[in-house]
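The opening position of the sequence shown corresponds to residue 1 in the UniProt record's numbering, with each subsequent residue numbered one higher. Backbone N, C-alpha and C define an ideal beta-carbon position, used for all residues, glycine too. First up is the structure itself, then whatever we jot down about it.
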Amino acid sequence: MKKHAIDLAYALTLPPEKAVAYFRRKGRRVSFDWHSMWKEAHATAFTVANCAKLDVLRDLQLAIRTMLKEGKSEKWFIQTLEPVMRAKGWWGPRDEVNPRTGEIINVQQGSQWRLGLIARQNVQSAVNAGRWQEQWENREDQPFLRYVSLNDARTRPDHRALHGKIFPLEDPFWQSHYPPNGWNCRCYVQGVSEARLKRRGWKVERSEGKMVSREIRIRDRRSGEVTPRSVTGYELGPGRVVWTDAGFDYNAGAVSLADNILRERIRGLKDPALYEQARQAFNNSTARHEGFAAVVEGWQKDKPPRKRTAILGLMRWQELLHARAQGADASGVVVFADDRLQHAGRGIHQTKGTAVPDAVYPQLAALFSRPEAVYWDETHENLLYLFPDPEDGWCRIMPVNVPGTDKKKQKKLGRHDGVASFYRLERSNLHRGRKLQKIR
């Protein structure tokens, strides 16, 4: 078997804790093939194509984490996991039912080649995500990024063509073309300072007007199923476009870091129009909805809760102002914690028939972008989001706690606005025990 160096965390001088932190934030999501998880969803959930067993995913994820933390080799990964995978039946070809088509097909489960690919791809993504976070934090000293390919016999022509290209860190180019840009891609990115730029005589490019997209049709070689997908390219010149591989035109580190950036920046937005633009772009992002769904589905299978949070969405400007007018120090960033799943499934909700089906929770980010109404609850000093329910005369409500200026309350609720619960309620009981002010 051909060997590949994958200890990039050390070769590229990345502090390993950055990559480990990124990887630890990933949930686990069962998938049938790699098309089931697309772009940004990969950045927030660990998946292995054709792996329908959660315990197998857990073994693979923990082994990747150990590789990152302890600098283990690909050979160690394969030797450690092969006997485990064989014992659990995830090895060699076998017949399975495609959950999307119902067709019985023969698929390849585990193999040494497959374990090697899993190791390389996930470590590379984690390492580069960690590099992105480090580069973002250092953006004042090194405001530019330089694309670097290894330029040997295995380097793709498109990746070689990008070697040495320099763009501002915040240029849209890096949202789609930050490595890895394909299976087994070994490219990486260097931070560049103004001084180094001038000293080396390097030219800074900008991608404005040069980013293009196209739709491709991916055929699963096992099932024959055809899936349409959009990919992003960068126009080098007339008739010359550098495309990423299908499913790789996203920046794993940027997606992972987006939550932190929001928390840092959203509080600084004072202009209502700018805030609303940011809110709409974030709340209406399909990729964001998919990423949130992947994380929550992982939480639902991975009990008990571990104090993890994911950003649900941004509240509207008028909701933010209303909450602040009541003395709350609302951030505008609404988070959903994994322990809310356990809270929502309590026996009292099951007994009263007020529990929301488990399948709805992964869709909360999409639902949050379009509530039926929003109230301020004077009694409980929180926001109350109202959503429709399929049953006539019923609705679904989501109380959102906002930290006040009181230090004890801030310690209990945290610095960001958190979902308290989510359950069904008869509409006739909406105002019972609550003094509601309708915001919209």
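For the set Phe387, Ser176 and Trp174, the Cα lying nearest the Cα of Leu364 is the one of Phe387. Taking the Cα of Val360 as reference, the smallest distance to any Cα among Thr244, Gln300 and Thr80 is reached at Gln300. Taking 8 Å as the cut-off, the Cβ atoms of Glu235 and Val212 count as close.
Under the three-state reduction of DSSP output, Thr232 falls in the strand class.
Annotation: Gly92 to Met85 spans about 10 Å, alpha carbon to alpha carbon.
Residue pairing by DSSP places Ile311 opposite Val335 in a beta bridge.
Relative to Asn401, the option among Lys435, Val333 and Leu430 whose CA is nearest is Val333. Between the stretch 274 to 292 and the stretch 310 to 324, the count of Cβ pairs shorter than 8 Å is three or higher; the stretches touch. For Leu436, the enclosing beta strand (DSSP E) covers residues Leu436 to Lys438. Per DSSP, Asp158 is one residue of the alpha helix (DSSP H) stretching across Pro157 to Leu162. According to DSSP, Met211 shares a beta bridge with Tyr234.
Counting along the chain, Trp76 sits inside the alpha helix (DSSP H) bounded by residues Glu74 to Ala87. Residue state for Leu341 is assigned as helix, using DSSP reduced to three classes.
Per DSSP, Leu320 is one residue of the alpha helix (DSSP H) stretching across Trp317 to Ala325. The residues Glu426, Arg427 and Ser428, in chain order, have a CB closer than 8 Å to that of Gly393 in the same chain once the five nearest residues on each side in sequence are set aside. In this structure the stretch 123 to 131 touches the stretch 58 to 76; the number of beta carbon pairs closer than 8 Å is three or more. Annotated as distal: Leu162 and Pro143, with beta-carbon spacing of 8 Å or more. One alpha carbon belongs to Pro272, the other to Trp317, and they sit about 6 Å apart. Residues Tyr234 and Glu235 of the same chain have their beta carbon placed closer than 7 Å to that of Lys210, with the five preceding and five following residues left out of the count.
In the three-state DSSP reduction, Phe422 falls in the coil class, being neither helix nor strand. Where Trp394 is concerned, the enclosing beta strand (DSSP E) starts and stops at Trp394 to Asn401. 8 Å or more divides the Cβ of Leu367 from the Cβ of Cys395.
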